[in-house]
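Taking it in order: structure first as structure tokens, then the write-up.
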Amino acid sequence: MSLLRPGSEPSPAPLSRYWRTYVAECTEQVQRFHRITTVISAMQVRTWLTEIGKRLDSELEAVQRLAAVGDSIEPARFRLTEPPAKRIAARLNKAKASLKQSVDQAAEIAEQAVLDPTHDDVRVHLKVLNEQVGRLAIAAPMEDEPADRPRRRRWGRTAS
């Protein structure tokens with residue numbers, strides 16, 4: 001006998017501390033982006049940033065799913081040892097940096113929109129941000145994936 005109602009899915013297990021930190025940091029960046037968007041009075045700029053914000057929301061969902069996969073591979077508190085988990089962590093690091101860069105760009109756009117909403121710099125920055133969000137790190141392939149090296153023991157000897 002199932003305790004769940006038909007059609008309802010069980011809630012996901014909570015993430016371990018290591019992976020939960022990535023999700024929290026990325027969530028904070030996306031929330032900052034939305035806060036910046038709400039204070040812009042120029043409607044055309046706000047509309048464009050709102051559309052970009054929706055894409056960041058889907059990026060955040062991908063971060064959450066990827067962190068759940070990483071947690072299923074290796075639930076960790078401080079440090080990872082499994083190569084697949086390390087690759088996922090590297091991808092999440094890139095996503096976090098990309099989200100931060102998007103927030104910084106949005107802040108600059110907001111500043112310029114307040115000073116002069118019709119200025120060409122605002123449009124240029126919006127185009128740059130739009131392109132940047134289009135190639136965020138979570139979906140982009142890793143360029144510099146570390147080569148699989150043999151695991152090393154504590155004193156520098158190769159495990160056999």
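In this text, residue positions in the sequence shown follow the UniProt record's numbering: the first is 1, and each later residue adds one.
Note that CB positions come from ideal geometry on N, CA and C, so glycine has one too.
Note that the structure is a prediction, hence the values are computed from the model and not measured.
Shown here, F78 sits in coil according to DSSP, grouped into three states, outside any helix or strand. Shown here, S41 sits in coil according to DSSP, grouped into three states, outside any helix or strand. Of the residues D116, V124, S98, the one whose Cα lies closest to the Cα of E28 is S98.
The alpha helix (DSSP H) runs of length 4 or more contained entirely in the stretch 18-73 are, from start to end of the chain, 43-73.
Look at P84 here: in three-state DSSP terms it is helix. In this structure, V103 lies away from L60, with their beta-carbon atoms at least 8 Å apart. Fewer than three beta-carbon pairs drawn from the stretch 35-51 and the stretch 61-81 are found closer than 8 Å, and the two stretches are therefore not classed as touching. When the beta-carbon positions are compared, T37 and A106 come within less than 8 Å of each other. Going by beta carbons, R17 and R77 fall inside the 8 Å limit.
The three-state secondary structure of S102, taken from DSSP, is helix. Sequence-distant partners of H125 (beyond 5 residues in either direction) whose C-beta falls short of 8 Å from its own C-beta, in its chain, are Q105, E108, I109, Q112.
Distance between I73 and A85, taken at the CA atoms: about 6 Å. With 16 or more other Cβ atoms inside 10 Å of its own Cβ, L92 counts as buried. Within the same chain, Cβ atoms closer than 7 Å to the Cβ of E82 are found at I73, E74, the five residues on either side in sequence being excluded. Residue burial is scored here from C-beta neighbours: L115 has fewer than 16 other C-beta atoms within 10 angstroms and is therefore classed as exposed. A direct Cα-to-Cα measurement between K96 and A24 gives close to 10 Å.
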